[in-house]
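**Student:**
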Amino acid sequence: MPMRLYQVVGRKAPTKQDENPVAYRMKLFAPNEVMAKSRFWYFMHQTRKMKKTTGEILDVNEITEKNSRCVKNYGIWLKYNSRSGTHNMYREYRGTTLNTAVEMMYNDMAGKHRSRNKSIQIIRTAIVADEDCKRPNVTQFHDYIDEEGKDGPKGEKVTVRFPLPHRILRPSSKQLRSVFMAKRPNTHFN
Numbered sequence: 000m001p002m003r004l005y006q007v008v009g010r011k012a013p014t015k016q017d018e019n020p021v022a023y024r025m026k027l028f029a030p031n032e033v034m035a036k037s038r039f040w041y042f043m044h045q046t047r048k049m050k051k052t053t054g055e056i057l058d059v060n061e062i063t064e065k066n067s068r069c070v071k072n073y074g075i076w077l078k079y080n081s082r083s084g085t086h087n088m089y090r091e092y093r094g095t096t097l098n099t100a101v102e103m104m105y106n107d108m109a110g111k112h113r114s115r116n117k118s119i120q121i122i123r124t125a126i127v128a129d130e131d132c133k134r135p136n137v138t139q140f141h142d143y144i145d146e147e148g149k150d151g152p153k154g155e156k157v158t159v160r161f162p163l164p165h166r167i168l169r170p171s172s173k174q175l176r177s178v179f180m181a182k183r184p185n186t187h188f189n
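Under numbering that gives the first Met the number 0, the first residue of the sequence shown is numbered 0, with each subsequent residue one higher.
1. So the alpha helix (DSSP H) Arg38 belongs to, where does it begin and stop?
2. Give the DSSP-derived three-state secondary structure of Gly110 in the structure shown.
3. Using the C-alpha atoms, what's the distance from Lys173 back to Leu57?
4. Quick one: complete alpha helix (DSSP H) runs, 4+ long, within the stretch 129 to 165?
5. Taking Cβ positions, are Val159 and Asp142 nearer each other than 8 angstroms?
6. Rounding to the nearest angstrom, what Cα-Cα distance links Val137 and Glu64 in this structure?
7. I'd like to know if the stretch 113 to 121 and the stretch 75 to 88 are in contact, where contact means that at least 3 CB-CB pairs between them fall below 8 angstroms.
8. Name, in chain order, the residues that DSSP records as bridge partners for Lys71.
9. Would you mind giving the Cβ-Cβ distance between Arg3 and Glu55, rounded to the nearest angstrom? I have them listed as a contact below 8 angstroms.
10. DSSP has Glu225 in a bridge; who is on the other side?
11. Does the Cβ-Cβ distance between Glu102 and Pro1 come in under 8 angstroms?
12. I believe Glu61 touches Tyr5 by the beta-carbon criterion, under 8 angstroms. Please report the beta-carbon distance rounded to the nearest angstrom.
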């Protein structure tokens, strides 16, 4: 199920002693609103003496990114419970949205550390600049300066390029398109 970023606002239920209690806002990743509310009460019960029966949720909003067309580097600080104890971790992912990066993180943690979604707590997320990235699985997609002269002249900037092995030539207009061809298309242009 795809992860989404929700903002949940809640507070303790008003009483005669405290008619206007303090409201708490929390950003959570969850597949839907119901799970976001559930995680909100889980964390509120840990940090403040509040639970669902003594509190109320004021608002639940889904937060979406404005620009999801370009690829960005995301840093995720997390805490997870393993079989041996609790561990802090920093991970980096490349994606077009924060939601896809978090989804990749959950899949990665399940594959490498056998951790379930419930045992992972995301502490912080941020967009990381290319020069601040640390992990090789992210930095391999960045442009770099060739210090040793392997990919060209020494000290020159090398842009990362990807080969296009199979390109299908398309007709420039609909009138030039044909349903049947006399020969197979050539897709190798080397």
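All C-beta atoms, glycine included, are put in the ideal place defined by N, C-alpha and C.
**Tutor:** With the structure as the only source:
1. Element bounds for Arg38: 32 to 46.
2. Three-state DSSP puts Gly110 in a helix.
3. Computed Cα separation, rounded: 54 angstroms.
4. Whole alpha helix (DSSP H) segments, 4+ residues: 135 to 138.
5. Contact flag set, yes.
6. Straight-line Cα distance between these residues: approximately 21 angstroms.
7. Look at the beta carbons and you see the stretch 113 to 121 touching the stretch 75 to 88: at least three pairs across the two are nearer than 8 angstroms.
8. Answer is Gly94.
9. About 22 angstroms; that fails the 8 angstroms criterion.
10. In the structure displayed, the chain extends from 0 to 189; residue 225 sits before or after that span and is not available.
11. Taking 8 angstroms as the Cβ cut-off, Glu102 and Pro1 qualify as a contacting pair.
12. Taking 8 angstroms as the upper bound for CB-CB distance, Glu61 and Tyr5 are in contact here, some 6 angstroms apart.
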